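So the structure is just underneath, and the comments pick up after that.
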Amino acid sequence: MKKTTILVAALLMMAITAQAQNIQKVFEKYSTNERFSYTSIGSGPMGVEFGLDFLSMMDIKTKDAPKLKGLRVLTLEAAPDDKLMKSVIDDVNEAVKKDKKAETLVESRNKGTETYIYSTSEGLLLVNKKSKELSIVCVFGEFSKN
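In my numbering, the protein residues as written are 25 to 170.
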């Protein structure tokens with residue numbers, strides 16, 4: 025009985041950990057691909073200052089700064105029908121779909137540009153797709169809306 029309880033607890037922890045790392049896995053998968061521009065900013069003082077500027081643009085309370093874990097940006101320049109662009113979009117959509125805490129905050133389509141902002145279990149995710157460019161920005165951490 026005790027072994028069964030420990031096994032179930034271990035399986036639950038693994039499932040929670042796997043879910044929480046979906047967005048991070050997308051960044052890890054594509055960050056080393058030469059076709060992408062990749063930027064990662066840690067949670068140190070400069071990273072927090074940059075993150076605060078980004079958060080204020082999105083109307084996020086700055087009291088949440090201590091919860092900022094980092095910021096990552098992936099950018100791909102490619103044709104809209106490019107297989108890699110489609111693959112990245114599919115991976116991001118799958119990660120958001122699997123995240124039980126994910127919520128769409130903004131969905132906008134205007135003159136060939138699509139923008140989505142999601143609140144996820146890992147933080148805030150911004151996906152911006154133009155005709156020949158895809159940008160994915162994730163602010164990792166826990167945040168509250170005003």
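Here a beta-carbon is modelled for each residue, glycine too, at the ideal position from N, C-alpha and C. In this text the structure is predicted, and so the values were computed from the model without any measurement.
The beta carbon of P104 sits closer than 6 Å to the beta carbons of S155 from its chain, once the five residues preceding and following it are set aside; these are given in chain order. Per DSSP, reduced to three states, the secondary structure at K124 is coil, with no helix or strand assignment. Residue pairing from DSSP leaves F51 without any beta-bridge partner.
The closest CA to that of K53, considering only R96, A126 and L92, is found on R96. Beta-carbon to beta-carbon, L100 and V112 are separated by about 6 Å, close enough to satisfy the 8 Å threshold. Judged by DSSP secondary structure, K93 falls within the beta strand (DSSP E) whose first and last residues are L92 to E101. Judged by their CB atoms, N57 and L108 are nearer to each other than the 9 Å cut-off.
Under DSSP, S145 shares a beta bridge with no residue. In this structure, the CA atom of Y142 is about 17 Å from the CA atom of K49. Nearest neighbour of K153 by Cα position, chosen from S64, E146 and K110, turns out to be K110.
Under a 10 Å Cβ-count criterion, E146 is classified as buried, with 16 or more other Cβ atoms of the shown protein chains found around its own Cβ.
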